[in-house]
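Residue numbers (UniProt numbering): 1 to 392.
What follows is a set of notes on a single structure, which appears directly below.
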Amino acid sequence: MPAHISPEPFSEDIMEKARKMRSTIQLPACFDSPFFLARFLRAHGGDEEVARQRVEEYLSHRQVLGYAGCSDMEIFTEFPIGKATYERFRISLMNRSILSGDNHVFVQKMEGTDLKEIMKVIPLSYVLHSYYMLHDIFGRAVAETEKRIGRPSSVVTILDLKGMNVSDFLNPLSTHVQLARLVVKIWSEYFCENMSKILIINPPGIMSIMFKISKFVMDARTFNRLSFLDNVSDLHKYLEPHAIPVEYGGTWRDDSGYSKPPEGCTRPHVPVTSDQYRGADDVWSDHGIIKIPPSKTFNIKSHQSCEIVRKCTQPGRLIWNFTISGDVEFEIVRREAGKEIKVWPKITLTSLKLPDYGSVTVIPGEYVLRFTNPSSTWFAVKVTGAAEIKAE
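The following block contains the structure:
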């Protein structure tokens, strides 16, 4: 019988590298734990250069996107990208008082969640940015616990796949697989030591198929974080009863008013209806732009970039809309005195049901929307996009 999950201790070599790195990186107070940097180092085999790069990219993401100063609940229910995303999923809060040993516990249920439908009302980038924000919430809880107990902490997720159709994952080009692949990429590169285990209950279909699907979208290290449970009761082999929802045979209830019912510890999702479907050009009318700006089309070869440049002469809002035929790294910067200032954080994304779109407040300057093909294959990625600045 497996013992209850405990966070893996860090080696002295990793801790020494973390102490050295800590003297050169300014961490936000909410992450100021002796183990924050150690997680990034261990995730990347002790490679200080790669670990530093990932830390800096993550800290930049939270500052540039603007959620660094938000509370957990504000990220879930008020921050625009987070609210539009999280309301479509059945997820729990990160209750910092619920611990199994030194592990925090998070719950997500897939029943009733139709990813194909969700991708008709929000772009994929919303889900990817929200995944960063979810791990930001995890990281805050973990660091708070570590500062209190002086030992490593982590997050364990209970993922309930009841109601999920395994056939949705058999096509490697399907919405489900493409979304899962890019979410896992973020988890693997930035947060695999943050969330130490996913306990999968009620998996659909034949278990061997689920294993093959998981291995297709994950590297070996990340795949080893998964545990497929034969029965819901097996949760007790990994977690203490007070960290298991009543619905699954434990004693955890969420009586905060967030979860319905309290015994399930997750809130109901907002289902997608056909009248909520977004059109390909809706972002322009959202911002009162009647005449759709002309699009540009680029074919980007391996490890090359293309740019859409817009100049702003007065405060306003930069709006964009684009489709892509494969993975690209997308970011927005402002050029100023020979330097580039990040305006929108870089993420790797692709097009699914909708174009990717968004807007950001801007001040006078030159703005660059940059698309980079990160692939090493000889296939070019086609980008068709437009951008406009509306004075405010």
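Glycine included, each C-beta is placed from N, C-alpha and C at the ideal position.
Complete alpha helix (DSSP H) runs within the UniProt domain "CRAL-TRIO" (105 to 256) (minimum length 4 residues, chain order): Fully enclosed alpha helix (DSSP H) runs of 4 or longer: 115 to 118, 124 to 149, 175 to 186, 207 to 217, 220 to 223.
Identity of the residue in 159, 97, 104 nearest residue 113 by Cα: For the purposes of this step, residue 113 is identified with residue 113 of the sequence shown, where counting begins at 1. Of 159, 97, 104, the residue nearest in Cα terms is 159.
Residues in its own chain within less than 7 Å of residue 226 by CB, not counting five upstream and five downstream? By one-based count along the sequence shown, residue 226 stands at place 226. 198, 200, 214, listed in sequence order.
Since residue 297 and residue 384 are thought to touch, with beta carbons under 8 Å apart, how far apart are those beta carbons, to the nearest angstrom? Within the sequence shown, residue 297 is the residue found at index 297, counting from 1. Within the sequence shown, residue 384 is the residue found at index 384, counting from 1. In this structure residue 297 is in contact with residue 384, their Cβ atoms being roughly 5 Å apart against a cut-off of 8 Å.
Output the boundary residues of the beta strand (DSSP E) element that contains residue 335. One-based indexing of the sequence shown puts residue 335 at position 335. Its beta strand (DSSP E) spans residues 328 to 336.
Helix, strand or coil, according to DSSP, for residue 1 in the structure here? What you label residue 1 is simply residue 1 of the sequence shown in a count that begins at 1. Its pLDDT being 48, under 50, residue 1 is placed unreliably by the model, and nothing is read from it.
Which two residues bound the contiguous alpha helix (DSSP H) that contains residue 36? Start at 1 with the first residue of the sequence shown, and residue 36 comes out as number 36. Here the alpha helix (DSSP H) through residue 36 covers 36 to 43.
So what does residue 365 bridge to, in DSSP terms? As a position in the sequence shown, residue 365 is number 365, starting the count at 1. Residue 365 is bridged by DSSP to 312.
Per DSSP, residue 342 is paired with what? Here residue 342 corresponds to residue number 342 of the sequence shown, with the count starting at 1. Partner(s): 333.
Residue burial classification, residue 148 (beta-carbon count within 10 angstroms, cutoff 16): Taking the sequence shown and counting its residues from 1, the one referred to as residue 148 is at position 148. Exposed.
Simplified DSSP assignment, three categories, for residue 55: As a working mapping, residue 55 is identified with position 55 in the sequence shown. Looking at residue 55 - three-state DSSP - the assignment turns out to be helix.
Are the CB atoms of residue 381 and residue 295 nearer to each other than 8 Å? Working through the sequence shown from its first residue, we reach residue 381 at position 381. Working through the sequence shown from its first residue, we reach residue 295 at position 295. No, these two residues do not count as a Cβ contact at 8 Å.
Can you tell which of 255, 257, 236, 260 has its C-alpha closest to the C-alpha of residue 249? Numbered from 1 along the sequence shown, position 249 holds the residue referred to as residue 249. Looking at the Cα atoms, 236 is the closest of the given residues.
For the alpha helix (DSSP H) holding residue 77, just list the boundary residues, first then last. Locating residue 77 in the sequence shown gives position 77, where the first residue counts as 1. Here the alpha helix (DSSP H) through residue 77 covers 72 to 77.
Check each candidate in 127, 57, 60, 31 and name the one with the smallest Cα separation from residue 351. Walking along the sequence shown from the start, residue 351 turns up at place 351. Per the C-alpha coordinates, the member of 127, 57, 60, 31 positioned closest to residue 351 is 127.
Using 8 Å for Cβ pairs, my map puts residue 360 next to residue 343. What's the rounded Cβ distance? Walking along the sequence shown from the start, residue 360 turns up at place 360. Walking along the sequence shown from the start, residue 343 turns up at place 343. 6 Å between Cβ atoms; contact.
Once the 5 residues before and after residue 46 are set aside, which same chain residues still bring their CB inside 7 Å of it? For the purposes of this step, residue 46 is identified with residue 46 of the sequence shown, where counting begins at 1. Within its own chain, the residues whose Cβ lies closer than 7 Å to the Cβ of residue 46, once the five positions on either side in sequence are excluded, are 13, 14, 17, listed in chain order.
Start and end residues, alpha helix (DSSP H) containing residue 84: Position 84 of the sequence shown, counted from the first residue, corresponds to residue 84. Run containing residue 84: 80 to 86, per the alpha helix (DSSP H) assignment.
Can you give me the C-alpha to C-alpha distance between residue 30 and residue 253, rounded to a whole angstrom? Mapped onto the sequence shown, residue 30 falls at position 30. Mapped onto the sequence shown, residue 253 falls at position 253. Using only the alpha carbons, I get a separation of about 26 Å.
With a cut-off of 8 Å on the beta carbons, I'd call residue 293 and residue 388 a contact; round off their distance for me. For this step, residue 293 is matched to residue 293 along the sequence shown. For this step, residue 388 is matched to residue 388 along the sequence shown. Contact between residue 293 and residue 388 holds: their C-beta atoms lie close to 4 Å from each other, under 8 Å.
Just to confirm before moving on: does the CB-CB distance between residue 367 and residue 317 stay below 8 Å? Mapped onto the sequence shown, residue 367 falls at position 367. Mapped onto the sequence shown, residue 317 falls at position 317. Residue 367 places its beta carbon 8 Å or farther from that of residue 317.
Using 7 Å as the cut-off, classify the Cβ of residue 331 as near or not near the heavy atoms of the ligand ADP, replying yes or no. With respect to small molecules bound, the structure shown includes none, and the ligand ADP cannot be examined in it.
Residues of its chain near residue 374, where Cβ-Cβ distance is below 8 Å and the 5 sequence neighbours each way are ignored: For the purposes of this step, residue 374 is taken as the residue at position 374 of the sequence shown. Here the set comprises 303, 327, 328, 329, 348.
Measure the beta-carbon distance from residue 85 to residue 25 and round it to whole angstroms, keeping in mind my assumption that it falls under 8 Å. Taking the sequence shown and counting its residues from 1, the one referred to as residue 85 is at position 85. Taking the sequence shown and counting its residues from 1, the one referred to as residue 25 is at position 25. Contact annotation, residue 85 with residue 25: C-beta distance approximately 29 Å; criterion of less than 8 Å not satisfied.
With burial defined as no fewer than 16 other Cβ atoms inside 10 Å of the residue's Cβ, what is the status of residue 173: buried or exposed? Position 173 of the sequence shown, counting from 1, holds the residue named residue 173. Looking at its Cβ environment, which holds fewer than 16 other Cβ atoms inside 10 Å, residue 173 is exposed.
Out of 245, 391, 276, state which residue places its alpha-carbon closest to the alpha-carbon of residue 288. Mapped onto the sequence shown, residue 288 falls at position 288. Of the listed residues, the one whose Cα sits closest to residue 288 is 391.
Considering just the uninterrupted stretch of the alpha helix (DSSP H) at residue 17, what are its terminal residues? As a working mapping, residue 17 is identified with position 17 in the sequence shown. Segment 12 to 22, the alpha helix (DSSP H) holding residue 17.
Which residue's Cα is closest to the Cα of residue 266: 79, 88, 314? Counting from 1 along the sequence shown, the entry for residue 266 is found at position 266. The option with the nearest alpha carbon to residue 266 is 88.
Stretch pair the region 59 to 70 + the region 34 to 49: three plus CB contacts closer than 8 Å: Here the region 59 to 70 makes no contact with the region 34 to 49; the two share fewer than three CB pairs at distances below 8 Å.
Identity of the residue in 346, 281, 340, 363 nearest residue 315 by Cα: The residue labelled residue 315 in the question sits at position 315 within the sequence shown. The candidate whose alpha carbon is nearest that of residue 315 is 363.
Between 189, 183, 222, 231, which has its C-alpha nearest residue 202's C-alpha? As a working note, residue 202 is residue 202 in the sequence shown. Comparing Cα positions, the closest option is 231.
From 184, 277, 56, pick the residue whose C-alpha is nearest to that of residue 223; which is it? Counted from its first residue, the sequence shown places residue 223 at position 223. The shortest C-alpha separation from residue 223 is found at 184.
So residue 120 packs on residue 272, CB below 8 Å; how close in whole Å? Here residue 120 is taken as the residue at index 120 of the sequence shown, counted from 1. Here residue 272 is taken as the residue at index 272 of the sequence shown, counted from 1. Residue 272 and residue 120 do touch by the CB rule: their CB atoms are close to 7 Å apart, below 8 Å.
Out of curiosity, what's the CA-to-CA distance linking residue 319 and residue 58? The residue you call residue 319 lines up with position 319 of the sequence shown. The residue you call residue 58 lines up with position 58 of the sequence shown. Their backbone Cα atoms lie some 24 Å apart in a straight line.
CA-to-CA distance, residue 5 to residue 133, given in whole angstroms: What you label residue 133 is simply residue 133 of the sequence shown in a count that begins at 1. What you label residue 5 is simply residue 5 of the sequence shown in a count that begins at 1. Cα to Cα, the separation comes out at about 24 Å.
Hey, how far is the Cα of residue 106 from the Cα of residue 143? Stepping through the sequence shown from its first residue, residue 106 is reached at position 106. Stepping through the sequence shown from its first residue, residue 143 is reached at position 143. If I take the Cα positions, the gap works out to 16 Å.
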